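*Asks:* Mind looking over this structure? Questions follow.
As structure tokens, this is what we get:
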């Protein structure tokens, strides 16, 4: 039964609920919420980030990524052929001038993808704005498939949405970047069996799941000489942003997880760690006494 929501806080409540639900079940939760509040479905789908899907361009035989930014109804536009699948006669497409820039941007970020991801899929989509500028989205996805039942698996999804406003020989850029990361590891090597160590039984379903998303924003001004300058400027911003977000994930989030694990179970004996701390205190005390004398 559909729920008739009232007030302007409906979307905020739906997004707030999504932040508290498991990130590995985004698609299920999004579908459930759109069925619960169908009147807000379109606005909600445009506000929440979901893992990117891959489709095959039938005209060129190349893969591309799908999201809300290249969707028109139930069809998705390919950046390679500029055609919708399923076919759509009156689908939204960029202007001729912007389409040429879109082709160049896809070639540029395809090289970026190969350099930083060594695989995966990339797609760039541009669209015209009413004020004369343009906006776009750069999509990147890499999937790590497990080589065996006990091998780790994961996926990385990058969604970079930007707006461009030209101001003479300069342009102002607004960038919103979202990274969705999923890592799963630790399944039993023998499917259907269990291993017992002490009182802890590890089954084939046991795993460690580290998943979540992160969003950051940035603005910058940069000079332009022609249309291709936008690709260079946006590319530099996205490159810097991805490096910062990757380092943040590695140092803060995974670093914190590692610290918690090490506090729970040390790889060295506690006696050895105690002797090291005592030695450090003794050295510090000797240094302080020398300074005092």
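Numbering (my numbering), first residue to last: 2 to 294. All C-beta atoms in this analysis are idealised placements derived from N, C-alpha and C, irrespective of residue type, glycine included. Bear in mind the structure is a predicted one, so any value in this text is a computation, not a measurement.
1. Would you call the stretch 143-158 in contact with the stretch 172-187, where contact means no fewer than 3 C-beta pairs closer than 8 Å?
2. Rounded to whole angstroms, how far is the Cβ of residue 126 from the Cβ of residue 70, which I believe are closer than 8 Å?
3. Within its chain, find whatever has a CB closer than 8 Å to the CB of residue 88; leave out the 5 residues flanking it on each side and keep chain order.
4. Could you pull out every residue in the same chain whose Cβ sits closer than 7 Å to the Cβ of residue 238, ignoring the five residues on either side in sequence?
5. Cβ of residue 14 within 7 Å of any heavy atom in the ligand SAH?
6. Looking at the structure shown, is residue 247 part of a helix, part of a strand, or coil, going by DSSP?
7. Relative to the C-alpha of residue 82, which candidate in 74, 107, 68 has its C-alpha closest?
8. Since residue 55 and residue 122 should fall inside the 8 Å C-beta cutoff, what is the C-beta to C-beta distance between them, to a whole number of angstroms?
9. Less than 8 Å between the C-beta atoms of residue 24 and residue 212, yes or no?
10. Exposed or buried, residue 147, counting other C-beta atoms within 10 Å across all chains shown (16 or more means buried)?
11. Helix, strand or coil for residue 312 per DSSP?
12. Should the stretch 240-253 be called in touch with the stretch 270-290, which here means at least 3 C-beta pairs below 8 Å?
13. Return the residue from the list 45, 166, 253, 78 that minimises the CA-CA distance to residue 228.
14. Hey, residue 214 and residue 235: beta-carbon distance below 8 Å or not?
15. Report the residue from 97, 98, 64 whose alpha carbon sits nearest the alpha carbon of residue 86.
16. Could you check what DSSP says for residue 131 in three-state terms: helix, strand or coil?
17. What number of angstroms, rounded off, separates the C-alpha of residue 259 from the C-alpha of residue 271?
18. Roughly how many angstroms lie between the CA atoms of residue 46 and residue 169, to the nearest whole one?
19. Less than 8 Å between the C-beta atoms of residue 102 and residue 129, yes or no?
*Replies:* So, from the listed chains and residues:
1. Counting Cβ pairs under 8 Å, three or more are found: they touch.
2. 5 Å
3. 76
4. 174, 176, 219, 221
5. This structure lacks the ligand SAH; in fact it carries no ligand of any kind.
6. Of the three classes helix, strand and coil, the one that applies to residue 247 here is helix, per DSSP.
7. When each option's Cα is compared against that of residue 82, the closest is 107.
8. 6 Å
9. Yes, these two residues count as a Cβ contact at 8 Å.
10. exposed
11. The structure shown does not extend to residue 312, since the chain spans only 2 to 294, so no value can be given for it.
12. By the Cβ test, the stretch 240-253 is not in contact with the stretch 270-290, since fewer than three Cβ pairs between them sit closer than 8 Å.
13. 166
14. no
15. 64
16. coil
17. 18 Å
18. When rounded, the distance between both Cα atoms is 36 Å.
19. Cβ atoms of residue 102 and residue 129: not closer than 8 Å.
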